[in-house]
């Protein structure tokens with residue numbers, strides 16, 4: 006299981022993190038210039054876990070916060086989506102996803118079982134590779150056929 010807190014600790018002093026007000030009151034914020042992650046106070050543990058994973062994904066994807074294209078809004082949306090996808094893939098391993106989906110088909114229950122928010126559950130499901138989709142279908146078919 007991916008532990009964003011351990012990932013942060015392994016970075017040592019390269020990246021700092023604090024529970025503090027964030028830019029735009031977002032759940033979290035990564036400043037590439039300062040190598041600093043801010044996490045908004047008051048979030049639930051699962052929300053902090055997902056927020057930190059998302060911000061570390063921005064770092065690993067080398068998102069600089071600088072616009073490279075004339076359409077800054079689209080660039081920002083692409084970067085947010087890419088960070089969500091990477092964080093979700095790290096947080097939710099395929100065998101764990103299959104187990105959770107065999108247990109329930111309610112998104113809130115599945116997300117709770119996987120210790121992620123529904124947003125990250127949806128990001129993981131939306132970005133399954135073709136082979137992963139086949140594996141999930143086969144596992145769910147076997148579960149439903151054996152029930």
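In this note's numbering, the protein residues as written are 6 to 152. We put the beta carbon where it would ideally sit given N, CA and C, even for glycine. On a predicted model such as this, the values are computed, not experimentally measured, just so you know.
Per DSSP, the bridge partner or partners of residue i
i           : result
residue 103 : Note: residue 103 sits in no beta bridge, so no partner.
residue 41  : 21, 36
Short Cβ contact (8 Å threshold) for residue i with residue j
i           : j          : result
residue 70  : residue 37 : yes
residue 119 : residue 61 : no
residue 96  : residue 58 : yes
residue 128 : residue 68 : no
Closest by C-alpha distance to residue i, when choosing among the options
i           : options         : result
residue 80  : 19, 63, 95      : 63
residue 23  : 29, 17, 16, 33  : 33
residue 92  : 125, 83, 30     : 125
residue 117 : 144, 52, 19     : 52
residue 100 : 85, 47, 29, 130 : 130
residue 88  : 19, 137, 56, 48 : 56
Extent of the continuous alpha helix (DSSP H) run through residue i
i           : result
residue 120 : No alpha helix (DSSP H) contains residue 120, which DSSP labels as neither H nor E.
residue 28  : First-last for residue 28: undefined, no H or E at that position.
residue 46  : Per DSSP, residue 46 belongs to no alpha helix (DSSP H) and is neither H nor E.
residue 16  : First-last for residue 16: undefined, no H or E at that position.
Pairing CB atoms from the region 39–57 with CB atoms from the region 104–113, are three or more of them under 8 Å?
-> no
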